[in-house]
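Take a look at the structure set out below.
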Amino acid sequence: MSSRETILKRLRERSDGPLTAPESDFAVVTGRGWDASERLARFERLIGSVHGEVVHAAHARWTEVLSEVLATKGVARLALGREHAVPAEARQALAGGDIELVDVDRDIEAWQREQFESVDAGLTSTRGGIAETGSLWLWPSADEPRLISLVPPIHIAVLDADSIEDTFFDVVERNAWAQGMPTNALLISGPSKTADIEQTLAYGVHGPKALVVIVRHTGEVPA
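Once you know that position 96 of the sequence shown is 96 in the working numbering, the rest is easy, because the numbers rise by one and skip nothing.
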């Protein structure tokens with residue numbers, strides 16, 4: 001058995017499931033063979049292991065769940081975009097309520113201090129999730145700048161259950177990053193964390209202290 005065959009054999013025998021066998025000497029190993037329920041379970045378990053919170057919601061009722069999250073977390077000022085369907089629906093649902101909606105489509109110099117000092121949470125859409133690592137991936141835009149997921153004490157992210165991929169490579173492949181790689185993609189796996197010289201892990205030191213993922217389902221919502 002050649003070295004290449006030995007390595008591929010070991011990869012296929014990994015405890016977390018078989019990998020797709022390569023079709024040629026230049027094929028790239030991808031996929032774990034998980035079904036949708038297993039992808040979701042792995043994503044939730046892994047992001048939960050690093051203090052990320054997952055809340056499930058029917059697609060048609062996700063803004064009601066958002067309102068419950070905001071109330072539970074004591075959010076009074078929410079930063080969000082306008083154009084994407086997620087912030088647009090959130091604005092419509094929260095209009096006239098007790099939550100102050102903070103516009104983010106402004107030059108950062110015009111509201112930098114406000115963002116760092118008085119915004120309680122940032123709401124963003126996501127492009128998808130990664131089951132293997134329990135990660136979200138975001139593609140920031142002028143409507144949803146990267147800072148609203150990196151600065152406020154709470155980051156609330158909206159994820160569609162059917163957009164979770166097995167691995168990061170699956171994300172790159174299926175979204176054709178080779179033909180149009182994003183200039184500023186974000187991978188998020190839980191709230192911010194850091195460790196000191198004694199390797200004591202602390203959360204929320206240099207970014208969000210909490211990450212809440214609202215997972216939207218078009219079918220049955222898991223218990």
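Note that beta-carbon positions come from the ideal geometry of N, C-alpha and C, so glycine has one too. None of these values were measured; they are calculated from a predicted model.
Collapsed DSSP secondary structure at residue i in the structure displayed
i	result
residue 7	helix
residue 102	strand
residue 188	strand
residue 61	helix
residue 108	helix
residue 22	With a pLDDT of 48 at residue 22, under the threshold of 50, the modelled position of this residue cannot be trusted; read the value that follows with caution. If DSSP states are grouped into helix, strand and coil, residue 22 belongs with coil.
residue 144	coil
Residues that residue i bridges to, as DSSP identifies them
i	result
residue 53	212
residue 124	157
residue 40	Per DSSP, none; premise fails for residue 40.
residue 79	102 and 122
residue 95	DSSP output for residue 95 lists no bridge partner at all.
residue 225	A query on residue 225 cannot be resolved here, the shown segment of the chain reaching from 1 to 223 and no further.
residue 150	In the DSSP output, where bridge partners are listed per residue, residue 150 has none listed.
Residue i vs residue j beta-carbon contact at 8 Å
i	j	result
residue 226	residue 52	The structure shown does not extend to residue 226, since the chain is modelled only from 1 to 223, so the question has no answer here.
residue 158	residue 99	no
residue 127	residue 139	yes
residue 202	residue 193	yes
Rounded separation between residue i and residue j - CA only
i	j	result
residue 218	residue 55	15 Å
residue 26	residue 207	For residue 26, the predicted model reports a pLDDT of 39, less than 50, meaning its position is unreliable and no value from the coordinates is stated.
residue 147	residue 85	19 Å
residue 109	residue 143	16 Å
residue 137	residue 165	11 Å
residue 163	residue 60	17 Å
residue 40	residue 125	17 Å
residue 222	residue 141	31 Å
residue 75	residue 160	23 Å
Give a yes or no on contact between the stretch 88-97 and the stretch 65-73, applying the rule of three or more CB pairs nearer than 8 Å. yes
Does the stretch 66-85 touch the stretch 115-130, meaning 3 or more C-beta pairs lie closer than 8 Å? yes
If contact is defined by three or more beta carbon pairs under 8 Å, each pair taking one atom from either stretch, is the stretch 137-154 in contact with the stretch 34-52? no
Are there three or more Cβ pairs, one per stretch, closer than 8 Å when the stretch 96-107 is compared with the stretch 161-172? no
Contact between the stretch 178-194 and the stretch 129-141 is defined here as three or more beta-carbon pairs at a separation below 8 Å; is this criterion met? yes
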